[in-house]
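Numbering (our numbering), first residue to last: 88 to 302.
Take a look at the structure:
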């Protein structure tokens with residue numbers, strides 16, 4: 088068996104910084120986001136929203152959720168893929184509740200300076216039912232006191248295999264009431280609307296995480 092002794096490896100057509108550095112302790116260093124092995128994680132980006140917000144919506148007759156939904160403030164993250172073939176695994180967790188029975192959450196994406204488009208949604212059928220990502224629990228107008236004080240959580244994942252870009256991708260969430268409901272994020276309706284500083288009405292968090300995976 089032969090041994091090659093060197094402290095760095097550089098591509099024939101590359102000048103300057105080495106592609107791979109071999110340290111004396113055996114550690115191998117590769118430039119950030121340059122290791123290519125199908126299925127490996129290239130980068131992870133995450134954002135947490137800790138403030139509370141609400142959205143009151145009026146649907147009208149549109150079947151398109153984004154026509155009447157509202158973007159959640161301070162709930163978005165941006166990731167720049169290293170390759171058009173990369174997959175982006177998006178994980179969302181939203182602490183959320185609705186003042187009525189028909190609250191909804193939608194995961195959205197925009198590429199570069201484009202507009203947000205809905206992703207991770209149900210099929211369209213009929214002429215009235217809007218495709219959404221997740222439904223939102225109703226806090227039962229405070230009559231169910233435990234649920235009214237502590238909101239529930241909506242969570243899920245979506246694998247983005249259709250971006251086909253190395254431009255910046257921004258993911259976010261929209262909320263809306265499909266029958267005029269107000270939707271609350273990081274707080275229950277009770278915790279948001281009452282002036283009382285109650286010790287049992289928690290202040291919550293919501294998060295978004297995106298992982299770039301080699302294609």
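Beta carbons: idealized from backbone N, C-alpha and C, even for Gly.
Environment of residue 228 [buried if 16+ CB atoms lie within 10 Å]: Locating residue 228 in the chain shown gives position 141, counting from the first residue. Caution is warranted here: a pLDDT of 48 is assigned to residue 228, below 50, making its placement in the model unreliable, and the coordinate value is therefore given only provisionally. When all chains shown are included, residue 228 counts as exposed.
In DSSP terms, what residue 204 is bridged to: Locating residue 204 in the chain shown gives position 117, where the first residue counts as 1. Looking at the DSSP assignment, residue 204 forms a beta bridge with 196.
Residue closest to residue 193, alpha-carbon to alpha-carbon, out of 144, 104, 261: The residue labelled residue 193 in the question sits at position 106 within the chain shown. The shortest Cα separation from residue 193 among 144, 104, 261 belongs to 261.
Assigned secondary structure, residue 279 (DSSP; H/G/I helix, E/B strand, else coil): Position 192 of the chain shown, counting from 1, holds the residue named residue 279. In the structure shown, residue 279 sits in a helix (DSSP, three-state: H, G or I).
Residue 207 versus residue 280: straight-line alpha-carbon distance, rounded: Working through the chain shown from its first residue, we reach residue 207 at position 120. Working through the chain shown from its first residue, we reach residue 280 at position 193. Cα-Cα distance, rounded: 31 Å.
Buried or exposed (CB count within 10 angstroms, at least 16 for buried), residue 253: Here residue 253 refers to the residue found at position 166 of the chain shown. With fewer than 16 Cβ atoms within 10 Å of its Cβ, residue 253 is classed as exposed.
Whole beta strand (DSSP E) elements within the stretch 237-265, 3-residue minimum: Correct list: 239-247, 256-264.
Beta-carbon gap between residue 191 and residue 263 smaller than 8 Å: Here residue 191 refers to the residue found at position 104 when the chain shown is read from its first residue. Here residue 263 refers to the residue found at position 176 when the chain shown is read from its first residue. Going by C-beta atoms, residue 191 is nearer than 8 Å to residue 263.
Cβ shell of residue 163 (< 6 Å), same chain only, five flanking positions each side left out: Along the chain shown, one-based indexing puts residue 163 at 76. Taking residue 163 as the centre and dropping the five residues before and after it, the same chain places the C-beta of 257, 259 closer than 6 Å to its C-beta, in chain order.
Sub-8 Å separation of residue 242 and residue 139 beta-carbons: Sequence index remark: in the chain shown, residue 242 carries index 155 (1-based). Sequence index remark: in the chain shown, residue 139 carries index 52 (1-based). Contact: no.
Inside the stretch 111-162 only - beta strand (DSSP E) runs reaching at least 3 residues: Here the runs fully enclosed are 115-117, 128-136, 140-143.
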